[in-house]
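Novice: Heads up: the sequence shown runs through residues 425 to 593, numbered per my numbering.
We put the CB at the ideal spot given by N, CA and C, even for glycine.
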Amino acid sequence: MKACAIRKRCRQNGITLIELVISIVVLGIALTAIVSAISTSVSRSSNILLQDRMIELSQAYMDEIVGKRFDEDTPIGGYPPVTNCTINTEEGDRGSFDDVDDYDGLDEAPTSQTTANFANYTDYRVTVSVVCAGTDMGLSADKWAKRVQVAITAPNGQVMVFTAYKGNY
Numbered sequence: 425m426k427a428c429a430i431r432k433r434c435r436q437n438g439i440t441l442i443e444l445v446i447s448i449v450v451l452g453i454a455l456t457a458i459v460s461a462i463s464t465s466v467s468r469s470s471n472i473l474l475q476d477r478m479i480e481l482s483q484a485y486m487d488e489i490v491g492k493r494f495d496e497d498t499p500i501g502g503y504p505p506v507t508n509c510t511i512n513t514e515e516g517d518r519g520s521f522d523d524v525d526d527y528d529g530l531d532e533a534p535t536s537q538t539t540a541n542f543a544n545y546t547d548y549r550v551t552v553s554v555v556c557a558g559t560d561m562g563l564s565a566d567k568w569a570k571r572v573q574v575a576i577t578a579p580n581g582q583v584m585v586f587t588a589y590k591g592n593y
């Protein structure tokens with residue numbers, strides 16, 4: 425005779441087929457949600473890397489450009505300020521650029537003119553625009569500032585534009 429027959433109460437050990445199917449379905453739904461979340465974050469991680477490189481590249485160019493004199497006629501020390509704002513693009517290579525407006529129209533792949541190492545920046549593009557823009561900042565005349573815009577194009581075609589102002593001093 426079985427022990428269950430002798431005792432009036434018999435406990436079952438294990439799970440039923442219905443319980444097993446329900447737990448498989450719940451685990452499948454949870455696993456699908458987790459995999460979906462991970463794949464979305466992985467696909468965006470390369471975009472973040474491109475954006476970080478674009479920001480680093482623009483910072484290197486901005487540091488180089490804004491560190492130059494306001495105008496060709498600006499004296500050493502910046503005083504007295506020049507009386508007008510002109511954009512005179514200098515011909516030649518970046519090594520000969522000595523003021524902000526020489527960079528106007530620059531369109532190139534990143535080079536090592538700046539202090540950064542651009543070996544990992546293949547297929548990036550840098551475009552620079554410089555305009556007189558004192559009134560953009562609420563100043564009385566355009567002669568008091570120049571707006572420098574650096575546009576960085578990533579290999580995937582994404583473009584980020586960065587803007588800085590150089591004062592007439």
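Per the DSSP calculation, T587 is bridged to which residue(s)?
Specialist: Q573
Novice: For the beta strand (DSSP E) containing S553, list its first residue and its last residue.
Specialist: 549-556
Novice: Mind reading off the beta-carbon distance from D526 to T551? Whole number of angstroms is fine, and I expect it under 8 angstroms.
Specialist: Incorrect: roughly 15 angstroms between the Cβ atoms, too far for contact.
Novice: Please state the DSSP three-state secondary structure of D531.
Specialist: D531 falls in the strand class under three-state DSSP.
Novice: What separation, rounded to the nearest whole angstrom, lies between the Cα atoms of N544 and A533?
Specialist: 12 angstroms
Novice: Grouping DSSP H, G and I as helix and E and B as strand, with all else coil, what is D476?
Specialist: helix
Novice: Enumerate in chain order the residues of its own chain whose CB-to-CB distance from S482 is below 6 angstroms, with the five nearest sequence positions on each side excluded.
Specialist: V574, I576, F586
Novice: Cβ of D495 within 8 angstroms of Cβ of D523?
Specialist: yes
Novice: Identify the residues that DSSP records as bridge partners of R493: which are they?
Specialist: D523
Novice: Leaving out five residues before and five after D560 in sequence, what residues of the same chain have Cβ atoms less than 7 angstroms from its Cβ?
Specialist: R571
Novice: Starting from the C-beta of R375, find all residues in its chain whose C-beta is less than 8 angstroms away, skip the five residues before and the five after it, and write them out in chain order.
Specialist: Here the chain comprises residues numbered 425 to 593, so residue 375 is not present and cannot be evaluated.
Novice: Look up I448 in the DSSP assignment and say whether it is helix, strand or coil.
Specialist: helix
Novice: What does the Cβ neighbour count give for T498, buried or exposed, with the cut at 16 atoms within 10 Å?
Specialist: buried
Novice: Whole angstroms are fine: how far does the CA of A569 sit from the CA of A557?
Specialist: Annotation: A557 to A569 spans about 5 angstroms, alpha carbon to alpha carbon.
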